[in-house]
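Colleague:
Now the structure itself:
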């Protein structure tokens, strides 16, 4: 029995230590505890406030409990003594009624205020003298299991990689094509449901200093259980200063369809036209609401399918049998393609770039 208790004690100590260590883990691009913008900072401040209030209540109650146990414990020789019976105290009743009300107000007022402020998307409708929208608006469409980002005022469509400027509000219209999803960028704030029947709106802001610390790269996720590949329905957020973002916009708006420069890539383009073009666009200004992601800048992406290594060999395996990597996705298997055809198709896709 003693050995068993010692073993359990060691396991408890081990798990407690691991919990403490893991609680300190996190990256700037993926942690809600390292806010990277106005929305995230507001939510972080509210979280700290509520935590302090809860910890304060626990400490006070623990102290009172300890005093009561020590001061009013049964003493030797007083086993048969009946203590003085107190019917009640109006003062104490007022104190323990008023204090929770005060604590509730301290928490509720900033929470309600922040909720209404963060829900204010009126800036999305402001236009300049020429009738052009002043703010950047991105239409987000969630699909099984990938993300589409449309910049309606700029005529640009991307997939999997969201590009945003820093130090300004970016407004989002969020919807879904198939089932319920949820859009979340942990370091920036959120999250907001992506529904099939309606459009939800909100805004985020990315602080330039925090973005630099994170390497100008953040991670986004789906946080609504949407199917077998929900856990790997990820996307990347690349932040830029306004001048760099304007350069990216110009490049996306003026780029022409990539022309293969090698014979192998040309063969890949032919295979793509026969097997893939029905679902995938290769122009950054077309393909809104397509069955598959826009591939105009596929060669520039950080990862393949949102979570795989971005290299030719992995791409070939993905094309051959995507179901092995993302169960439940809508892309068909291409097991009938020969190794030579897969090489050509991968060569063509990796060459799809907008920025050199």
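Numbering (UniProt numbering), first residue to last: 1 to 356.
Each residue gets a CB set at the ideal place from its N, CA and C atoms; glycine is no exception.
Please read all numbers here as calculations on a predicted model, not as lab measurements.
Quick check on the DSSP output: what are the complete alpha helix (DSSP H) runs of length 4 or more inside the stretch 189-234, in order along the chain?
Modeller: Counting only runs of 4 or more, we get 208-213.
Colleague: Would you tell me roughly how many angstroms separate the C-alpha atoms of residue 33 and residue 187, rounded to the nearest one?
Modeller: Rounded to the nearest angstrom, the two C-alpha atoms are 8 Å apart.
Colleague: Report, in whole angstroms, the separation of the C-beta atoms of residue 203 and residue 171, which I expect to be a contact under 8 Å.
Modeller: That pair is a contact at about 5 Å.
Colleague: For residue 175, write down the residues that DSSP places opposite it in a beta bridge.
Modeller: Residue 175 pairs with 141.
Colleague: Quick check on the DSSP output: what are the complete alpha helix (DSSP H) runs of length 4 or more inside the stretch 37-74, in order along the chain?
Modeller: Listed in chain order, the complete alpha helix (DSSP H) runs (minimum 4 residues) inside the stretch 37-74 are 38-71.
Colleague: Where does residue 158 fall in DSSP's three states?
Modeller: Residue state, collapsed to three classes: strand.
Colleague: Alpha carbon to alpha carbon, what distance is there between residue 154 and residue 184?
Modeller: Taking the straight line joining both Cα atoms gives about 23 Å.
Colleague: Could you name the residues of the same chain whose beta carbon sits closer than 7 Å to that of residue 222, not counting the 5 residues immediately before and after it, in chain order?
Modeller: So the list reads 142, 181, 182, 230 and 233, once near-sequence residues are dropped.
Colleague: Let me confirm a value: residue 286 is counted as buried when at least 16 other C-beta atoms fall within 10 Å, else exposed. Which label applies?
Modeller: Answer is exposed; the Cβ neighbour count stays below 16.
Colleague: To which residues of the same chain is residue 298 closer than 6 Å at the C-beta, ignoring the five residues directly before and after it?
Modeller: So the list reads 349 and 352, once near-sequence residues are dropped.
Colleague: Along the chain, where does the beta strand (DSSP E) that runs through residue 185 open and close?
Modeller: Looking at the DSSP string, the run of the beta strand (DSSP E) that includes residue 185 is 181-185.
Colleague: Looking only at DSSP bridge pairs, what is residue 149 linked to?
Modeller: DSSP output for residue 149 lists 140 and 158 as bridge partner(s).
Colleague: Could you pull out every unbroken beta strand (DSSP E) segment of at least 3 residues lying fully inside the stretch 77-130, listed in chain order?
Modeller: None, since the stretch 77-130 contains no complete beta strand (DSSP E) of that length.
Colleague: Look at residue 276 and residue 345 and say whether their C-beta atoms are less than 9 Å apart.
Modeller: Their beta carbons are under 9 Å apart, which means residue 276 touches residue 345 by this criterion.
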